[in-house]
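Peer 1: Under my numbering, the first residue of the sequence shown is numbered 20, with each subsequent residue one higher.
Glycine included, each C-beta is placed from N, C-alpha and C at the ideal position.
A quick note: this is a predicted structure, and the numbers were derived from the prediction, not measured.
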Amino acid sequence: MDPYSTEGELINIHNHFHQGQYQEVIDFDTSSFSPDNALPARILVLRARLALGQAEDVLDDVKGDSQPELQALGALAEFNLGKADSAVETIEKLASSAADNTTVQVIGGTVLQAAGKSEEALALLTQHQGSLDAVSLIVQIHLQQNRTDLALKEVSAARRWAQDSLLVNLAESWVGLRVVSVLHVWGSTFTEKMQGGEKYQQAFYVFEELAQAPSTSSVRSLVSQAVCELHLGRTEEAQAALEQALEKDANNADAIANLLVLNVISGNQSDEFAQKLRGIKPNHQFLADLEEKSALFDKAATKYSPKVSA
20 MDPYSTEGEL
30 INIHNHFHQG
40 QYQEVIDFDT
50 SSFSPDNALP
60 ARILVLRARL
70 ALGQAEDVLD
80 DVKGDSQPEL
90 QALGALAEFN
100 LGKADSAVET
110 IEKLASSAAD
120 NTTVQVIGGT
130 VLQAAGKSEE
140 ALALLTQHQG
150 SLDAVSLIVQ
160 IHLQQNRTDL
170 ALKEVSAARR
180 WAQDSLLVNL
190 AESWVGLRVV
200 SVLHVWGSTF
210 TEKMQGGEKY
220 QQAFYVFEEL
230 AQAPSTSSVR
240 SLVSQAVCEL
250 HLGRTEEAQA
260 ALEQALEKDA
270 NNADAIANLL
280 VLNVISGNQS
290 DEFAQKLRGI
300 KPNHQFLADL
310 EEKSALFDKA
320 ATKYSPKVSA
């Protein structure tokens, strides 16, 4: 039996992880698991600890271990601690010696993508044999590459063999939030084709169900619900969801980043949230994007600076 199937031992702890319920993963009772599932369960616990910022503890936990899965997790812990070169070197060695290992594929792909090596990450991940974790990461990479078409293709293929999977539903929702309305012209008639609003609403249903049910709610699902609300133009509802998220974790960087965006959209002051985000996670992707766009704007503005003749 597939341990990740609806009847498998790992289904609940696996779902907790992908729902962002990291403490539930750590606290999960795995004592009754079969020996074959002991390592996969430990991997999920270690990944949850990394998600909660416990990289140093995880690195100590796996130090000196020869199993490729745990070496990969050690590399991810190193990356999170700012040791990117060492982490990438370890992953590249594992990609040569254990490329068929699912954990090496997923954790290795995570490290390589974070290091800006998207093509290497995809080359490793596409060797998977029916891993939804690998599929979901491939989808995320394609979305970061602005290749919504490839992300949609990946989700559609996975839907055929994993119809009711939480991960497929999540991946489909991520893609749906990147869909935009497309205007098609047939002769002299304008027909609006794509269902931006419809896809946004479908994604909202997925994340709202997770966010508002006590058994599945997490900061991640609340932030995801808020993002859907923003796509649908519902700023008050987005504010409420983000406030719920910050009640669970006042220093959650993604919640603060989205609250910053919400305040900009609403015409409110956002400096406080920008400053707080820089203090909590100075390398957050939003701040990196903001800095890049500011630099591009300044460069473009110099072309139009008035020239004063002497």
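1. Can you tell me the Cβ-Cβ gap for GLU173 and VAL154, rounded? I've got them flagged as a contact below 8 Å.
2. Between which residues of its own chain and THR121 is the CB-CB distance below 6 Å, once the five residues before and five after are set aside?
3. Suppose you measure from the CA of GLY286 to the CA of PHE47; what does that come to, to the nearest Å?
4. Give the DSSP-derived three-state secondary structure of ALA94 in the structure shown.
5. Measuring straight from C-alpha to C-alpha, what distance separates ARG239 and SER105?
6. At a cut of 8 Å, does the region 54-64 reach the region 246-260 through at least three beta carbon pairs?
7. Does DSSP put SER243 in a helix, a strand or coil?
8. Which value, in whole angstroms, describes the spacing of the CA atoms of LEU296 and GLY72?
9. Would you call the CB atoms of ALA118 and GLY128 closer than 7 Å?
10. When burial is assigned at 16 or more other CB atoms within 10 Å of the CB, is PHE223 buried or exposed?
11. State the Cα-Cα distance for the pair GLY216 and GLU248, rounded to the nearest angstrom.
12. Can you tell me the Cβ-Cβ gap for ILE126 and ALA91, rounded? I've got them flagged as a contact below 8 Å.
13. Going by DSSP in three states, THR254 sits in which element: helix, strand or coil?
14. Check whether the Cβ atoms of ALA274 and LEU261 lie closer than 7 Å to each other.
15. Using a Cβ-Cβ cut-off of 6 Å (strictly less than) and excluding sequence neighbours within five positions of ALA245, which residues of its own chain qualify?
16. What whole-angstrom Cβ distance do LEU113 and PRO87 have, given they're in contact under 8 Å?
17. Using C-beta distances below 6 Å, list every residue in its chain close to PRO22, excluding the 5 sequence neighbours before and after it, in chain order.
18. The alpha helix (DSSP H) with SER137 in it runs from where to where?
19. Since LEU63 and ILE32 should fall inside the 8 Å C-beta cutoff, what is the C-beta to C-beta distance between them, to a whole number of angstroms?
20. For ALA230 and ARG197, I'd like the C-alpha separation in whole angstroms.
21. Below 8 Å on the Cβ atoms is my guess for VAL123 versus PHE98; work out the distance and round it to an integer in Å.
22. Using only the alpha-carbon positions, how far apart do SER236 and ALA264 sit?
23. Put ASP119 into one of helix, strand or coil per three-state DSSP.
24. Confirm, please, whether the CB-CB distance from ALA94 to LEU376 is below 7 Å.
25. Leaving out five residues before and five after SER289 in sequence, what residues of the same chain have Cβ atoms less than 7 Å from its Cβ?
26. In whole angstroms, what separates the C-alpha of GLN294 from that of VAL81?
27. Given the structure, does GLN132 come close to the ligand SAH, in the sense that its CB is under 6 Å from one of the ligand's heavy atoms?
28. Pull up the distance between the alpha-carbon of ALA272 and that of ASP308, whole angstroms please.
29. Does DSSP put ASN188 in a helix, a strand or coil?
30. Between GLN146 and the rest of its own chain, which residues show a CB-CB distance below 8 Å, the 5 nearest in sequence each way excluded?
Peer 2: Looking at the coordinates:
1. Separation of the CB atoms of GLU173 and VAL154 is rounded to 6 Å, and the pair is thereby assigned contact status at 8 Å.
2. Only SER150 meet the Cβ criterion.
3. Distance between the alpha carbons of GLY286 and PHE47: 44 Å.
4. In this structure, ALA94 counts as helix in the three-state DSSP scheme.
5. So the alpha carbons of these two residues sit roughly 29 Å apart.
6. The region 54-64 is not in contact with the region 246-260.
7. SER243 falls in the helix class under three-state DSSP.
8. Straight-line spacing of the CA atoms in LEU296 and GLY72 works out to 16 Å.
9. Between ALA118 and GLY128, the CB-CB gap reaches or exceeds 7 Å.
10. PHE223 should be labelled buried.
11. Taking the straight line joining both Cα atoms gives about 11 Å.
12. The Cβ separation is near 4 Å, so the contact holds.
13. Correct three-state label for THR254: helix.
14. Going by C-beta atoms, ALA274 is nearer than 7 Å to LEU261.
15. Answer for ALA245: ALA257, ALA260, LEU261 and ASN277, listed in chain order.
16. Taking the Cβ atoms as the reference, LEU113 lies roughly 5 Å from PRO87, within the contact range of under 8 Å.
17. Cβ neighbours of PRO22 within its own chain (closer than 6 Å, five residues either side excluded): GLU28, LEU29 and ASN56.
18. For SER137, the enclosing alpha helix (DSSP H) begins and ends at 137-144.
19. About 6 Å; that satisfies the 8 Å criterion.
20. In this structure, the alpha-carbon of ALA230 lies about 20 Å from that of ARG197.
21. With a Cβ gap of about 14 Å, VAL123 and PHE98 do not count as contacting.
22. Each residue's alpha carbon lies about 9 Å from the other.
23. DSSP places ASP119 in coil when its eight states are reduced to three.
24. Here the chain has residues from 20 to 329 only, and residue 376 is not among them.
25. LEU279, ASN282 and VAL283.
26. C-alpha separation (whole angstroms): 35 Å.
27. For the ligand SAH, the structure offers nothing, since it holds no ligand at all.
28. ALA272 and ASP308 have their C-alpha atoms spaced approximately 15 Å apart.
29. Three-state result, ASN188: helix.
30. Correct list, in chain order: ALA118, ASP119 and GLN124.
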